[in-house]
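Below is one structure; the comments refer to it alone.
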Amino acid sequence: MIKKNLINHNWDILRNKISDEKQKNLTVLPVTKTVGIEEIKELISLGFNRFAENRLDLAMPKIEALRSLNIKWDFIGNIQSRKVSTIVENFELIHSVSNLKTAKNINKAASSINKVQEILLQINIAEEPQKSGFTIEEITDQFQSISILEHIQVNGLMAMAPLTSDTSKIKSVFAKLKKMLTEFQSMTNDNFKELSMGMSNDYLCAIEEGSTILRIGTAFFKEQE
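Reading the sequence shown from the start, the letters are residues 643 to 867 in our numbering.
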């Protein structure tokens with residue numbers, strides 16, 4: 643178990659690096675995939691009520707154990723067709739919708755329980771072959787087909803920057819995603835405003851380029867230099 647004072651200390655570091663003005667329009671989303679229930683409870687004591695997981699099999703025991711608490715869960719991992727129904731039943735926002743087939747599967751599962759599922763569309767903005775996500779061409783062609791699905795609410799876009807120390811490259815990728823969000827806003831509803839971009843290694847770049855959701859794991863749970 644990670645020491646409580648480490649989580650508290652790391653949250654202080656994060657807050658000090660993010661200006662008060664930026665914090666107003668920003669959700670810091672703890673990614674709890676590597677930690678257990680006690681660490682999540684410590685984050686709850688610090689005021690967090692929303693957490694992200696990337697594997698359903700590891701997430702469900704935590705969700706069940708904490709179901710009596712007023713917290714929400716985001717799904718940020720690969721979406722397998724056979725697990726779509728369980729994801730829809732248990733997660734408030736799905737960040738990682740990376741193709742039209744998955745969007746349709748989510749719509750069908752949400753329809754069966756009379757739910758409108760909030761999603762983000764994952765864009766492979768850096769065009770990396772090893773990463774999931776819509777290409778720019780695919781999302782341009784398919785955006786309207788997704789946005790008209792009755793049991794889906796598209797809240798915005800998600801992307802991951804390339805793993806590099808070149809901040810100009812990282813910022814360029816995030817800026818492209820922001821531009822895409824702006825271009826699509828005229829085609830959709832007022833809820834389409836979220837940019838899920840920025841993780842523990844690049845969140846400051848993401849903030850500069852307009853991120854609204856930071857997915858933070860390591861920076862909460864590891865010793866910081």
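Quick reminder that beta carbons are idealized off the backbone N, C-alpha and C, glycines included. Note that the structure is a prediction, hence the values are computed from the model and not measured.
Asked	Found
Please classify Asp808 as buried or exposed, where buried requires at least 16 neighbouring CB atoms within 10 angstroms.	exposed
Residue range of the beta strand (DSSP E) that Leu799 falls in?	Ile794 to Met800
What are the residues that DSSP puts in a beta bridge with Val739?	Leu763
Between the alpha carbons of Lys675 and Phe785, how many angstroms are there, rounded?	30 angstroms
Nearest CA to the CA of Lys610: which residue from Lys757, Gln772, Ser842 and Thr777?	Beyond the ends of the chain as shown, which are 643 and 867, falls residue 610; an answer cannot be given.
At what residue ranges does the region 662-714 contain a whole run of the alpha helix (DSSP H), taking only runs of 4 or more?	662-665, 679-687 and 698-707
Can you give me the start and stop residues for the alpha helix (DSSP H) that Ser810 sits inside?	Thr809 to Gln827
Cβ of Asn747 within 9 angstroms of Cβ of Ser723?	yes
Taking the beta carbon of Ile855 as the centre, do at least 16 other beta carbons fall within 10 Å, making it buried, or is it exposed?	buried
Any contact between the region 738-752 and the region 794-806? By contact I mean 3 or more CB pairs, one from each, below 8 angstroms.	yes
Let me check one thing: in DSSP terms, what residues is Asp716 bridge-paired to?	Ala694 and Leu735
Find the nearest neighbour of Leu819 within the set Lys664, Thr669 and Ser838, judged by alpha-carbon distance.	Ser838
Determine the direct distance from the alpha carbon of Thr782 to that of Gln827, and round the result to whole angstroms.	13 angstroms
Where Lys714 and Ile767 are concerned, what is the direct C-alpha to C-alpha distance, given to the nearest angstrom?	28 angstroms
Using the C-alpha atoms, what's the distance from Met829 back to Glu680?	43 angstroms
Beta-carbon within less than 6 angstroms of Ser789's beta-carbon, same chain only, minus the 5 sequence neighbours each way: which residues are those?	Val796 and Thr830
What's the C-alpha gap between Ser738 and Asp662?	29 angstroms
Out of curiosity, what's the CA-to-CA distance linking Ile686 and Ile705?	14 angstroms
Give the secondary structure of Ser774 by DSSP, where H, G and I count as helix, E and B as strand, and everything else as coil.	coil
So Ala694 packs on Val673, CB below 8 angstroms; how close in whole Å?	5 angstroms
Tell me the DSSP bridge mates of Leu856?	Val670
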